[in-house]
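Asks:
Protein chains: 2
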Amino acid sequence: MAEDRVLRVRALLESVRAEGRSALTAPEGKVLADAYGIAVPGEEVAADVEEAVACAARFGGPVVMKIVSPDILHKTDAGGVVVGVEGAADVRAAFRRIVGNARAFDPAARIEGVQVQELLPRGQEVIVGAVTDPTFGKVVAFGLGGVLVEVLRDVTFRLAPVGTDEALSMLDSIRSAEILRGVRGGAAVDRWAVAEQIRRVSELVVDFPEIAEVDLNPVIATPDGAVAADIRVILSEGVPKRRRTYGREEILRSMRRLMQPRSVAVIGASGEPGKIGNSVMRNLIDGGFPGEIHPVNPRADDILGRKAYKSVTEVPGEVDVAVFAIPARLVAAALEEVGRKGIPNAVLIPSGFAETGEQALQDEIVAIGERHGVRLLGPNIYGYYSTWQDLCVTFCTPYDVKGGVALTSQSGGIGMAILGFARTTRTGVSAIVGLGNKSDIDEDDLLTWFGEDPNTECIAMHLEDLKDGRAFVEAARATVPRKPVVVLKAGRTSAGARAAGSHTGALAGDDAVYDDVLRQAGVIRAPGLNEMLEFARALPVLPAPKGDNVVIITGAGGSGVLLSDAVVDSGLSLMEIPEDLDAAFRAFIPPFGAAGNPIDITGGEPPSTYEATIRLGLEDPRIHALVLGYWHTIVTPPMVFAELTARVVEEFRARGIEKPVVASLAGDVEVEEACAYLFERGVVAYPYTTEKPVAVLGAKYAWARAAGLLPGGGR
Amino acid sequence: MAEDRVLRVRALLESVRAEGRSALTAPEGKVLADAYGIAVPGEEVAADVEEAVACAARFGGPVVMKIVSPDILHKTDAGGVVVGVEGAADVRAAFRRIVGNARAFDPAARIEGVQVQELLPRGQEVIVGAVTDPTFGKVVAFGLGGVLVEVLRDVTFRLAPVGTDEALSMLDSIRSAEILRGVRGGAAVDRWAVAEQIRRVSELVVDFPEIAEVDLNPVIATPDGAVAADIRVILSEGVPKRRRTYGREEILRSMRRLMQPRSVAVIGASGEPGKIGNSVMRNLIDGGFPGEIHPVNPRADDILGRKAYKSVTEVPGEVDVAVFAIPARLVAAALEEVGRKGIPNAVLIPSGFAETGEQALQDEIVAIGERHGVRLLGPNIYGYYSTWQDLCVTFCTPYDVKGGVALTSQSGGIGMAILGFARTTRTGVSAIVGLGNKSDIDEDDLLTWFGEDPNTECIAMHLEDLKDGRAFVEAARATVPRKPVVVLKAGRTSAGARAAGSHTGALAGDDAVYDDVLRQAGVIRAPGLNEMLEFARALPVLPAPKGDNVVIITGAGGSGVLLSDAVVDSGLSLMEIPEDLDAAFRAFIPPFGAAGNPIDITGGEPPSTYEATIRLGLEDPRIHALVLGYWHTIVTPPMVFAELTARVVEEFRARGIEKPVVASLAGDVEVEEACAYLFERGVVAYPYTTEKPVAVLGAKYAWARAAGLLPGGGR
């Protein structure tokens, strides 16, 4: 049956193509709908009265009946249309009336019968569709129909195919979701029937890659079902070819040797300061890399005290990484040698490839890499850092603060911002990787590796595009349950007008699809560069929350109000404090302080009040995360607050009680030192902002939900 | 006529009140609508055929005709209703048919005539309403009708009364504004008629403060008019009393003496370190205040080398400010003395008033202040700074970086954050003022003063509420044309459910009204604490833009993409570069660089390329603002970039060419020093973020538009 329908649709699509058309007619669309069980109004032509009665009985509700005659163009003028006929007697009467009217109108007309069509019910108009996204391939779309949605663009996307649960989740993902549940006394729609329309459309487009766009617009959703009033199908010009892909084990094997090499060759190594080949050598040596470092340079015997080789083929033993510090035009020849030597990784620092219009040169090196099985990082990159290996393969300055975050950037400028930010904030890093032109190795290779890398606890990626959105989503889905993935997707607003033949196509701005698909993959999307950097710095520091109850403890009432705003903005829940807990907090704070949440301990309190309330917050198992608001006073100076908070948090950690604690410090410049002290000890603290600490907590919660660590979580 | 209608409505409202009702009936609502020219469907009772014809002719379109008889309850059953009658002949026929049917139905029925009612046209449903906001008083609301708007809360507010232009502006202020202009072939609605409904509702509620809420829901808007299908009016329980207000000149007179005093008395001055009265004395002296400083303390003769007085009444000569550094319970008595001495300002540092539940104590001091004409700052504050006077009236640490921004905070904690942030960023400040409980002096007094103060170029205010929203709006409107006003309104998200009897009331969450009203007043609303601080620091540094054309010049392509995102997010316009200008930029950049906008000069360029392109950007009069993206390289190190940029900007400034220039520096930690260097020289520069510099530029543009400095600006 399933094969049968594929054959049927394939034959139809081929005939459409044969006619040089790309849009299907309405009857052709109905053939596809019927094949895939997409509900459309039933319609049949009845040759006589009893056939008409049988048709109407099959549809079950009221029908529209219309004369079918090649000689009658304006059916209504001929009295050839009756709307809302129900029951055998009425169908019989209507059939006779229509035929009688037609005969009277034009006695010579050839009458082929009467079309019996299901009457579309009144209901909520929704749109179901599918488009072919350049990054993610087939995606399905769902939104409310009508003019408002078109204006407000309230629509959601998923990768096709979708299962029933995922299709159902789309009904909750639009801003106006409430309408489908029934508002102002309206009835809820049949969610399952709507989801089924989405699921079937997704099956159709997956089975037929040549279908570029499908529009069911509108689908009439009622409490009893969902019927597409119209189906529009557009074929694509051609199916894009898939790039070469590597299996998971292949990726891990070469990535392990890239990130944990024992032997590195530097092609174009130089003893002359100012040259890139010199900077790379110095960084390798000064960075303390304990493995072998082999300079390659045909015009030197010795570079920085190490024996230099004329060619990489002469380097003794196995080499894991060949770093290229030579001009673009020399890369191909050297890469051939790297291939012959069996080196699995080439790090291509030079620019002068696709980014300057030299696409042919880039295609050439990609072909060489594929032929020899050499994976290429770059070209046009600053290089990469693997801090736990003391490995700085870059012409920039070394970086040695070991820690849990792996950062990648498509752009060199952003890479430099990562380095500067990391250095000034002493962010603990496992790796920094430049991706540049992404001629081969890209984000999904890195995600696959960092997902396995025990030193990496969080991955943050700046990207402008994805070569293969589906491979990225697959890698992200495999990684997210173990560690957070933060993405800064640049070019959000440049989507602009994409030529589209369907309604759904017009709604699918690039970023709208990215946004939904990344969220579904459990990725945390950073709204800007600074947020990506802050999330990268802070997420590995915070433990995962074990529940939704966030409590604010503040010395400054003013900060408490702003922190509450931030909690709501970050999608977190202020815990409703039970009476016994409220009383317990009240015992520590002045009578004019406010319990509830925020818990306002008031400004003039000594360190002991901060300590007692923080202890209670960590102790009570109903509380899952703490947001602290500190107010600089003479009674509790910044470093006193920092010391007591860090000590209490550490004490509970030692007892096995770990909750995320973030803090906003309001005060004079001494609070900066206090924040640094706290951060190093696992409390994410910022001066002069109430938003940042809570945004970080929000990101941690977003991850915990995506990773299925919280009740009501999952994707 | 106008008085007439007021009398008519007043009489009606009084009769409603007399019956103990707060909601008007539909016919009562119609009386108000008719009195204020709010269009509702016309309806009249015609006693005979010719009257019916005359009525229908007056309404002009199709009408509904209905039998009027106390004996016929179900008019339709009696054949007593005809819908859609048009033209004298049809009206006559319908009248006769209706009366005939009624007679046939019940020969005994008393027939009083036939009601002739305008037929409501089909059209776009909109909502027009008015509510009484606790902060701003009467506000009018406008939104699209129907279930979607209810769910998406797409509604806009204005202070009542509104003029025609302001009412028209509301039609453009909703997210779904496009619908009113006609989409998908739909016709545009009669905007003027809709605006007229809003304007008239606003007149009604201004004339009758006792009207709490009005709902026209829905109003049917068509290309030919706008008619309210229903009018709902709810009366309030009572009208709140107005607080005591001061005139502009009164405010300026006392504020000038507060902010530019010649003589300050410190009540509770102390020689004992650790006491607040000691800190205040030290800060006054160490801050370098050149005026007279008089300690007041009954138990000392001399404090910190100055003669102490037993009572403020003994201090010789005029005193401008009395600072209170004594416990709350002693304040009232001392304030009496301050009043007797004729001191115009009392700065009330102590806490222990309304914020700890001691409302009576606060009411007492307010009464004393009003009796003597003493203006009160506080109580429950850290004090205030007036830097250009070298005046630090506070127990915190001194602050002496003179500059253009005046900052105020309702909360002490936020005040401390202001101080710390200002110190660490060396923000140039004209004043920092704590407002605390705002028992008397509040934001509108300060705005009035800072608007006049020649040292203040920008005002930034943290507030949790406004005592008198209208006074604030008035002060803001007077100030904004001269200098930007930034507001951080805390408690955005706490609005919660307000009990409301009308639809409009339910839509008017506190923050929705604040947001629209503040925007209308031309205020820049900071989304969070850090943004308020950054805007405060940066806005006085940037010159005002003279047009909308923003150009990005970047060394890092990656930054260029992120900066473009930020430009769109901040509501700015990337200039479309004309061909000649494009060619001019191209002359300076490598062939593989990108002209257009962003102008990507590429990463490896020397200082001369940055300089040439920045020069061109400043020189060409079609460009109005520059966003620079710097990429740290060996060829152009951070300080080289900073020096050249500052030099070129200064050179143009000297030639009278001033454009806002902001910069994002991507690089290693040296970029931090470069940013500080640039900031001091009028270029707003940040490291590790592409969003912040553009957000600041966006704020400057928002102000320039509100101040009417840009084409297409105005409120």
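Those sequence lines, one after another, are chains A and B. In this text, residue positions in the first sequence follow our numbering: the first is 1, and each later residue adds one. In this text, residue positions in the second sequence follow our numbering: the first is 716, and each later residue adds one. A virtual CB, placed ideally from N, CA and C, is assigned to each residue, including glycine. Computed from a prediction, not measured in an experiment: that's the story for all the values here.
So what does DSSP say about P742 of chain B, is it helix, strand or coil?
Replies: helix
Asks: For the candidate residues B:V843, B:G1130, B:Q912, whose alpha-carbon lies nearest to that of E928 of chain B?
Replies: Ranking B:V843, B:G1130, B:Q912 by Cα distance to E928 of chain B puts B:V843 first.
Asks: Anything in chain A within Cβ reach of A1271 of chain B, meaning under 9 Å, just list it in chain order.
Replies: S411, G412, G413, I414, M416, A417
Asks: For chain B, is any of its Cβ atoms less than 7 Å away from the one on H294 of chain A?
Replies: Output row for H294 of chain A: interface = no.
Asks: Could you give the residue range of the beta strand (DSSP E) that holds A845 of chain B?
Replies: 839 to 848
Asks: Helix or strand or just coil, what does DSSP make of K692 of chain A?
Replies: helix
Asks: Distance check for I72 of chain A and N101 of chain A, CA to CA, integer angstroms please.
Replies: 11 Å
Asks: Is there at least one Cβ from chain A nearer than 7 Å to K1415 of chain B's Cβ?
Replies: no
Asks: In whole angstroms, give me the CA-to-CA distance for L7 of chain A and R244 of chain A.
Replies: 29 Å
Asks: Who are the Cβ neighbours of N993 of chain B in its own chain at under 6 Å, not counting the five residues just before and after it?
Replies: S985, E987
Asks: Are at least three pairs of beta-carbons, each pair with one atom in the region 1241 to 1255 of chain B and one in the region 1175 to 1182 of chain B, less than 8 Å apart?
Replies: Segments in contact, yes.
Asks: Using a C-beta to C-beta distance shorter than 8 Å, which residues of chain B count as neighbours of K692 of chain A?
Replies: N1245
Asks: Identify whether G713 of chain A lies in helix, strand or coil by the three-state DSSP scheme.
Replies: Confidence is the limiting factor: at G713 of chain A the pLDDT is only 46, short of 50, which leaves the residue's position unreliable, though a coordinate-based value still follows. DSSP places G713 of chain A in coil when its eight states are reduced to three.
Asks: Is it buried or exposed for S1066 of chain B, if we count other Cβ within 10 angstroms and need 16 for buried?
Replies: buried
Asks: Within 10 Å of its beta-carbon, does P107 of chain A have 16 or more other beta-carbons around it, so buried, or fewer, so exposed?
Replies: exposed
Asks: Where does V1409 of chain B land, buried or exposed, given buried means 16+ other C-beta within 10 angstroms?
Replies: buried
Asks: Express the C-alpha separation of E1189 of chain B and C1390 of chain B in angstroms, rounding to a whole number.
Replies: Rounded to the nearest angstrom, the two C-alpha atoms are 38 Å apart.
Asks: Mind the definition here: the region 9 to 24 of chain A touches the region 91 to 99 of chain A only if three or more C-beta pairs lie below 8 Å; say whether that holds.
Replies: Look at the beta carbons and you see the region 9 to 24 of chain A not touching the region 91 to 99 of chain A: under three pairs across the two are nearer than 8 Å.
Asks: Starting from H632 of chain A, find everything on chain B with Cβ-Cβ shorter than 7 Å and list it in chain order.
Replies: M1131
Asks: Grab me the residues of D1105 of chain B's own chain with a C-beta within less than 6 Å of its C-beta, minus the 5 sequence neighbours each way, in chain order.
Replies: G1002, G1003, F1004
Asks: At a CB distance below 7 Å, what residues from the region 990 to 1001 of chain B approach chain A? Give them in sequence order.
Replies: Going along the region 990 to 1001 of chain B in chain order, one finds no residue with a Cβ nearer than 7 Å to chain A.
Asks: What separation, rounded to the nearest whole angstrom, lies between the Cα atoms of G496 of chain A and D511 of chain A?
Replies: Residue placement at G496 of chain A is flagged as unreliable, the pLDDT there being 35, under the threshold of 50; the coordinate-derived value follows with that caveat. Taking the straight line from one Cα to the other gives about 10 Å.
Asks: Taking Cβ positions only, does T689 of chain A come closer than 7 Å to chain B?
Replies: yes
Asks: Give me the chain B residues within the contact set of F592 of chain A, using Cβ-Cβ distance strictly less than 8 Å, ordered along the chain.
Replies: E1070, T1071, G1072
Asks: Where does F1250 of chain B fall in DSSP's three states?
Replies: helix
Asks: When the cut-off is 7 Å and only beta carbons count, does D1383 of chain B lie next to chain A?
Replies: yes
Asks: For the beta strand (DSSP E) containing T554 of chain A, list its first residue and its last residue.
Replies: 549 to 554
Asks: What are the uninterrupted segments assigned as beta strand (DSSP E) that are 3 or more residues long and contained completely in the region 886 to 962 of chain B, given in chain order?
Replies: 926 to 937, 940 to 943, 946 to 950
Asks: Tell me which residues share the same chain as P876 of chain B and place their Cβ nearer than 6 Å to its Cβ, disregarding the 5 neighbours each side in the sequence.
Replies: S917, E918, V921
Asks: Taking the alpha carbon of F1039 of chain B as the point to measure from, which residue in B:I1018, B:P1031, B:N1012 has its own alpha carbon closest?
Replies: Looking at the Cα atoms, B:N1012 is the closest of the given residues.
Asks: State the DSSP-derived secondary structure class of M416 of chain A, mapped to helix, strand or coil.
Replies: Looking at M416 of chain A - three-state DSSP - the assignment turns out to be helix.
Asks: With distance defined between alpha-carbon atoms, name the residue in A:R153, A:T609, A:L330, A:I414 nearest to G268 of chain A.
Replies: A:L330
Asks: Express the C-alpha separation of A902 of chain B and D48 of chain A in angstroms, rounding to a whole number.
Replies: 45 Å
Asks: Start and end of the beta strand (DSSP E) containing G799 of chain B?
Replies: G799 of chain B -> beta strand (DSSP E) spans 796 to 800.
Asks: Taking a cut of 9 Å between CB atoms, which residues from the region 137 to 154 of chain A lie near chain D?
Replies: Among the chains of the structure shown, chain D does not appear; the protein chains present are A and B.
Asks: What does a CB cutoff of less than 6 Å around N1170 of chain B pick up in its chain, not counting 5 residues either side in sequence?
Replies: W1103, S1145
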